[in-house]
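There are 2 protein chains.
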Amino acid sequence: MTYTVTPWEVKGNIDYDKLVHEFGVSKVDEPLLKRMEGHAKKKGLTLHHFLRRNIFFAHRDLKFVLDEYDKGNPFFLYTGRAPSGHTHLGHLVPWLFTKWLQDVYGAELWFQFPDEEKFLFKENLTLEDTQKYTTENMLDVIALGFDQKKTKFLIDTKHATQMYPEALKVAKRITFSTAKAAFGFTNEQNIGAIFYTAMQAVPAFLPSVYHKKALPCLIPHAIDQDPHFRVSRDVIPKLGYPKPASIQCRFLPGLGGISTDGKMSSSQEHTTIYTTDDAATVKKKINKYAFSGGKDTLEEHRKHGGNPEIDVAYQWLTFFEEDDRKLQKLYHDYKSGSLLSGELKAVLIEKLNAFLSEHQKRREKAKSAIDKFIWQP
Amino acid sequence: MTYTVTPWEVKGNIDYDKLVHEFGVSKVDEPLLKRMEGHAKKKGLTLHHFLRRNIFFAHRDLKFVLDEYDKGNPFFLYTGRAPSGHTHLGHLVPWLFTKWLQDVYGAELWFQFPDEEKFLFKENLTLEDTQKYTTENMLDVIALGFDQKKTKFLIDTKHATQMYPEALKVAKRITFSTAKAAFGFTNEQNIGAIFYTAMQAVPAFLPSVYHKKALPCLIPHAIDQDPHFRVSRDVIPKLGYPKPASIQCRFLPGLGGISTDGKMSSSQEHTTIYTTDDAATVKKKINKYAFSGGKDTLEEHRKHGGNPEIDVAYQWLTFFEEDDRKLQKLYHDYKSGSLLSGELKAVLIEKLNAFLSEHQKRREKAKSAIDKFIWQP
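Sequence lines, in order, name chains A and B. All residue numbers for the first sequence refer to the working numbering, where the first residue is 17 and numbers rise by one. All residue numbers for the second sequence refer to the working numbering, where the first residue is 17 and numbers rise by one.
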């Protein structure tokens, strides 16, 4: 049971506990959850179900930014999306959580679209491709309802005049040896890919440059991006800015199931649901491809019950069914055998299609809003 | 008698014949000189003394751009200056020649100021330092009289939005192994320095992007920059642009003489003459520090004569005295012993101070012209 988690490759059945140890991150613990719950309550909100369910499970220096917030020194948020294809449900996980953080903490969000990253790491992708997907992906971000006044989109090639000089200051302090160790590069890696991590570091302090004030930064992101910030967290304080904090999530598995498909991937079209998929497609993909934790026959299922731990429909509902009681009922009914695999899938299909129908309407409206979200330096 | 010639270090007594072989460049031969002389004549000009005297001595694909020119397909010129200090006389050598090429061939000139290069390669230089020197260095370029309508200054950090996306396309096709071999990098090199060569490649095809037409490019430069173009000449045709041609010069030696001081260097202040030095400083530096090829006593000098081959004053006059007959007379008078070292130095001092006095006036005027030279994309 081996797995790989790097910013450019995630495969296998990921052991998240082991990953915490390997990456040297900390688990999100009860005292931190309590504090965030308290902050949420003040805004009339509850603790996000991604926190209640340990989906955002790890962090670096989260206590620091919460301490600063409590002292009246607010942090900004930084997350991003490296465009290489259409948005799928897995991409939405950190963004949905970032939206909650913006609502609770009133935080400014700097959203990076590093349109060079996948160009540099994928042989057959052109910059024109990634730039096309940048626009597509932006629509999905906007559709989630971020506060336009507090949200700035950074596009690496478009904002290079602002970003490249800052990236140089980071790059000067990272050797090839360091990049090699953090990312597993060989000498055959291209020099653009080697440089790239410096560009990914920039949004963690660019707002401080822009606001002329050293501001704390919190980066919500999927755990595979941690190597970037492990490197840049050493460098950024040397440039005079606070060490950025992060909070990290597990992956939404692909339809193939957690043991083979630990992270949903655009390159596996049939096990991926895109935000632009219509209701019939969603239904078909889930019914046909979602790995089931049910038993082989109806009789056996009724007798022994299903296994929600490996059932993709159930696993996905832990991401998309916000109501804990409903989820708990589904868990027990499925485990007891009273709920069949097909029935559980039907619950998921209905949930997702309701969400996507709304999302697609907002996504359409977002087309006229893009320019307002792009940072005007 | 060892020497080192890389884009970041030049030392020792350079064997230029050996360098031609090592770098794999071609010598500028008689047929090429004849052709350029013909082109010059058509503009009422003579063959530049840097060509007559083998100072621009090597090239890559010069025949190609001359052929294109003769077919009515003009080339553009690309040269540059990595700002790290004040301009000295050595820097002027390729620029003076580039001015002649612009006059003869009516060529557009793209002049790069890679203000990140020395920042990345020198520990104690800040980007603010290099940006300050960019402005200072620009004044010297403008003072040489380039045609403002045909000259565009590119500044890497300022034009990053135009340059970085193009540099990425180059970078994707250069591995660390290639960069390591070309520049002698170790794994302890910083990742900005490793990426940098991609930025230096950009002006060799950016004009083709800008004019939406694949244009031939000629790069006049000092021989130490050849490794950059050796790498990028392999890549640029794969992007759909002509392989850039180059013409390469020897170095103006420092005042210490060719055996120890093969290239004038800003870090050796007392053996360097800056464009802003006043007449008294020039006189003092030359009289005090210029390595002499004269004999130890007046009697010996009168009897055996001096050695112009190692005399810095004479060597500098090969760069700055355009009149072949005057230069030849100085050579013979010095070699025969009728001209003393002090007298030869006095000739050089007068020549340089006349040039610098005029240059400093033009440099002052250039202050109001900078904005017109900076590329407005």
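By construction, the Cβ of each residue, glycine as well, lies at the ideal position given by its N, Cα and C atoms.
- Option nearest B:PRO23 by Cα separation, candidates B:ARG189, B:LEU136, B:ARG378, B:ALA370: B:LEU136
- Using the Cα positions of A:LEU108 and A:THR334, report the straight-line distance between them to the nearest angstrom. 14 Å
- Task: Using a Cβ-Cβ cut-off of 7 Å, state whether A:ASN206 counts as contacting chain B.
- Result: yes
- Query: If you run the structure through DSSP and keep just helix, strand and coil, what is B:SER357?
  - Reply: helix
- Query: If we ignore side chains and look at the alpha-carbon of each, how far apart do B:LEU93 and B:ALA217 end up?
  - Reply: 13 Å
- Would you tell me roughly how many angstroms separate the C-alpha atoms of A:LEU35 and A:GLN264, rounded to the nearest one? 11 Å
- Message: Just to confirm before moving on: does the CB-CB distance between A:LEU271 and A:ALA306 stay below 7 Å?
- Response: yes
- Message: I want to know whether the segment 143-162 of chain B touches the segment 94-113 of chain B - three or more CB-CB distances under 8 Å.
- Response: yes
- Can you name the residues of chain B whose CB is closer than 8 Å to the CB of A:ARG246? Under the 8 Å cutoff, chain B gives no residues; its nearest Cβ is about 15 Å from A:ARG246.
- Along chain A, which residues have their Cβ under 7 Å away from the Cβ of B:TYR180? THR173, ALA176, TYR180
- Kindly confirm or deny that the segment 377-388 of chain B and the segment 348-361 of chain B touch, where touching means at least three C-beta pairs closer than 8 Å. no
- Would you mind giving the Cβ-Cβ distance between B:ASP77 and B:LYS259, rounded to the nearest angstrom? I have them listed as a contact below 8 Å. 6 Å
- Message: By the DSSP assignment, the alpha helix (DSSP H) with B:PRO243 in it spans what residues?
- Response: 242-251
- Pick helix, strand or coil for A:TYR76, following the three-state DSSP scheme. Just to set this straight, residue 76 of chain A is Arg in the shown sequence, not Tyr. Residue state, collapsed to three classes: strand.
- Item | Buried or exposed (CB count within 10 angstroms, at least 16 for buried), A:ARG379 | buried
- Message: Can you check which of these residues, A:VAL41, A:PHE162, A:ALA159, A:ASN206, is closest to A:GLU139 by C-alpha distance?
- Response: A:ASN206
- Message: Give me the subset of the segment 119-137 of chain A whose CB atoms are less than 7 Å from a CB atom of chain B, sorted by chain position.
- Response: GLU132, PHE135, LEU136
- Query: For chain A, is any of its Cβ atoms less than 7 Å away from the one on B:PHE192?
  - Reply: yes
- Query: What's the C-alpha gap between B:GLY161 and B:ASP293?
  - Reply: 20 Å
- Message: Once DSSP output is grouped into helix, strand and coil, what is the label at A:THR191?
- Response: strand
- Specify the secondary structure class of A:LYS167 as computed by DSSP and reduced to three states. The displayed chain sequence assigns Thr, not Lys, to residue 167 of chain A. It is a strand residue.
- Report yes if the CB atom of A:VAL21 is closer than 7 Å to the CB atom of A:ALA74, and no otherwise. no
- Message: Could you check whether the Cβ of B:ILE210 sits closer than 7 Å to any Cβ belonging to chain A?
- Response: yes
- Note down the Cα distance separating A:LEU170 from A:PHE127, rounded to an integer number of angstroms. 6 Å
- Check B:SER100 in the structure and name its three-state DSSP category. coil
- Thinking C-beta only, is B:ALA176 closer than 7 Å to A:ALA176? yes
- Query: If contact means a Cβ-Cβ distance below 8 Å, which residues of the segment 216-238 of chain B contact chain A?
  - Reply: none
- Message: Can you tell me whether B:THR95 is helix, strand or coil according to DSSP?
- Response: strand
- Query: What is the residue span of the beta strand (DSSP E) that B:VAL21 lies within?
  - Reply: 19-22
- Task: Report, in whole angstroms, the separation of the C-beta atoms of B:PRO130 and B:MET215, which I expect to be a contact under 8 Å.
- Result: 6 Å
- Message: Between A:ALA187 and chain B, is the shortest Cβ-Cβ distance under 7 Å, so that the two count as touching?
- Response: yes
- Query: Under three-state DSSP, which class holds A:GLN264?
  - Reply: strand
- Message: Less than 7 Å between the beta carbons of A:VAL120 and A:HIS65, yes or no?
- Response: no
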